[in-house]
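First comes the structure, then the notes that go with it.
Protein chains: 2
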Amino acid sequence: MIGQPLAAESGGALPLYKEVKRALTRNLAAGEWQPGVPLPSETRLGEHYRVSIGTVRKAIDELVAERILVRHQGRGTFVAGHGARRSLFHFFHIVPADGAKEQPQTELLSFARAKADAAGAARLNIAPGANVFRIRNLLLLRGAPVVLDEITLPAERFPRLSEKVLRERDSTIYQLYQERYGINVVRSAERLSAALADRASAKLLGVDVGAPLLRIRRTALTYHNVPVELRVSLVNTAEHEYFSDLGKD
Amino acid sequence: MIGQPLAAESGGALPLYKEVKRALTRNLAAGEWQPGVPLPSETRLGEHYRVSIGTVRKAIDELVAERILVRHQGRGTFVAGHGARRSLFHFFHIVPADGAKEQPQTELLSFARAKADAAGAARLNIAPGANVFRIRNLLLLRGAPVVLDEITLPAERFPRLSEKVLRERDSTIYQLYQERYGINVVRSAERLSAALADRASAKLLGVDVGAPLLRIRRTALTYHNVPVELRVSLVNTAEHEYFSDLGKD
DNA sequence: CAACCCAATTCAACTATATGACTTGTATGA
DNA sequence: TCATACAAGTCATATAGTTGAATTGGGTTG
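Taken in sequence, the protein lines are chains A and B. Take 0 as the starting number for the first sequence in numbering that gives the first Met the number 0 and just add one per residue. Take 0 as the starting number for the second sequence in numbering that gives the first Met the number 0 and just add one per residue.
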């Protein structure tokens, strides 16, 4: 299945390769193609959409640049999966002040049902008061607690999510979204500020009350920039830092 | 002047378009092309390097994606200049917690000559103890102090830089680097942590001693990832945030 | 059965060419 | 003088095809 041949001149008069890109993204959002199995070949896509292979290539080029697709010469083009590496490099920006990056260990602190407050609902683009899940995680690096996460998920999108499901996963949480709910997080926007540790967070992170913490507010987005997760992280930056590098591979 | 036709098979056997990209970058680093005047047309570049226009295009595509070049249909391709907009969007990540982004106002606090310490020298890739300039700036947003900058520059690269030159500029500091010293900052890497305001910074930023501040350590890089500036920023995030969005235009 | 070879398929790189759109400067005409 | 029209140069889009490199799978051969 590839979808319809191409929206016949949608009035906006987009370039052909943009139309192809949109068509591909629609299929991706519909879960047409799953990670692990190759998309139809560039040749077949070109035939299907009635465009040249170069045009398909340009469309895929952009999706690859956005890290939504991955090409493997000789094998095919694939949906980028949320493997450990990807989560680590594109969605986890905490690094030791010295040393090299390292896979965090997760400890689930709590899981609860709640109602979305006004601000959260606006960010998630759901109705105020809608059902949400609230998850609190503690991330350990080298065995020591470093990050305290509070995650908010729109319940509607994550049917039958439970503490058990969360606890028994052996993958990253974004991989869980992807595999169990077909939700592929492709981008995140983060806003950072400084805060002071209160009693609860101080205890969990092993710092003094009043210690400086980095607060990260993240919105995770799927295709078409639809928000699917809110996350507030408190980071003890005594021995770790938030790394931001724009502009390079 | 376009430079040599193409390094004849440099052994590494890079794709042609990568070779072209390298050749272009060499010319950019040499200051061959200045902001404001167009590069040779794609046709002429293709003729010069003895490659097809498509190959030139692919090389330029990457440089455009890295925001090093800018294309204008019908006019030509240009070196991206450090206008107010670019500095604001690509190198200044502080935004009001509500409202829209705004151009900061700069106040020069001090200018001094100093010697590079070990850590700074390593980051700037210069000899420990080499001469550096140390600049302290206060950035105001909506008239209120928000960011305290301490900038370290390798003196060798900025001959005859003086307090007077800094004070009399009417542009961004990166524009000064570019116009007066031919140094084009094309990328920055930032590491963030949380800190507490000490006496001096508290006074300048108008906060209490012990208030939480965001500390940003930035390395600014020019072509070939050569570091040219270190900067430590202390940010009062009471009403502003650091914004990080990876992955989308 | 294992090792090897080979063909088919896929993406990667490159060339060549055509057409359209945008900008600029110049010539033309009232 | 001023406005319009036009031409030339530029990048943008799209097509078509060739060659090469990586992978896979199927045979063949020992």
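Each residue gets a CB set at the ideal place from its N, CA and C atoms; glycine is no exception. Computed from a predicted model, the values in this text were never measured in an experiment.
- Residues of the region 182-212 of chain A with a C-beta atom less than 9 Å from some C-beta of chain B are V185, R186, S187, A188, E189, R190, L191, S192, A193, A194, L195, G209, A210, P211 and L212, listed in chain order.
- Per DSSP, the beta bridge partners of B:D244 are A:A188.
- A check of alpha carbon separations from A:L62 across A:G128, A:A111 and A:L38 identifies A:L38 as the nearest.
- By the C-beta density criterion, B:G82 is exposed, having fewer than 16 other C-beta atoms within 10 angstroms.
- In terms of Cα proximity to B:R85, the closest of B:E18, B:Y173, B:R49 and B:R133 is B:Y173.
- Residue state for A:Q104 is assigned as strand, using DSSP reduced to three classes.
- Look at A:D116: its C-beta is not under 8 Å from any C-beta on chain B.
- Taking each of B:A129, B:A120 and B:L139 in turn and checking the Cα distance to B:Q104, the smallest one comes out for B:L139.
- In chain order, R190, L191 and S192 make up the part of chain A whose C-beta sits under 7 Å from the C-beta of B:E240.
- Taking 8 Å as the upper bound for CB-CB distance, B:I134 and B:L87 are not in contact here, some 20 Å apart.
- Under a criterion of Cβ atoms nearer than 7 Å, the residues of chain B adjacent to A:D244 are, in order, A188.
- With the criterion set as a beta carbon lying under 7 Å from some beta carbon of chain A, the members of the region 222-241 of chain B are T236, E240 and Y241, in sequence order.
- By the CB criterion at 8 Å, B:L213 and B:L245 fall outside the cutoff.
- The Cβ atoms of B:A99 and B:E238 lie no closer than 8 Å to each other.
- In the DSSP assignment, the residues bridged to A:E228 are A:A219.
- Counting along the chain, no alpha helix (DSSP H) covers A:N136; the unbroken beta strand (DSSP E) around it starts and ends at N130 to L140.
- Under the three-state reduction of DSSP output, B:T171 falls in the coil class, being neither helix nor strand.
- The Cβ atoms of A:S200 and A:L233 lie closer than 8 Å to each other.
- Looking at A:F77, A:S243, A:N26 and A:R21, the one whose alpha-carbon comes closest to that of A:S40 is A:F77.
- For the beta strand (DSSP E) assignment, the uninterrupted runs of no fewer than 3 residues enclosed by the region 41-94 of chain B are, from N- to C-terminal side, 68-71 and 75-78.
- With respect to A:E189, B:S243 sits close: the two C-beta atoms are nearer than 8 Å.
- For B:L233, the secondary structure class from DSSP, reduced to helix, strand or coil, is strand.
- For A:Q102, the CB contacts under 7 Å within the same chain, skipping 5 residues up- and downstream, are A83 and L87 in chain order.
- Going by DSSP, B:E149 is part of the beta strand (DSSP E) stretching over A143 to P153.
- Collapsing the DSSP output to three states places B:L15 in a helix.
- Excluding the 5 residues flanking it on each side, A:V231 has same chain C-beta neighbours closer than 6 Å at E149 and R216, in chain order.
- B:L68 is positioned such that its CB atom lies no closer than 8 Å to that of B:V55.
- Annotation for B:A120: the continuous alpha helix (DSSP H) segment containing it runs A117 to L123.
- Taking all protein chains in view, the Cβ of A:E106 is surrounded by fewer than 16 other Cβ atoms within 10 Å, so the residue is classified as exposed.
- Around the beta-carbon of A:V185, 16 or more other beta-carbon atoms lie within 10 Å, marking it buried.
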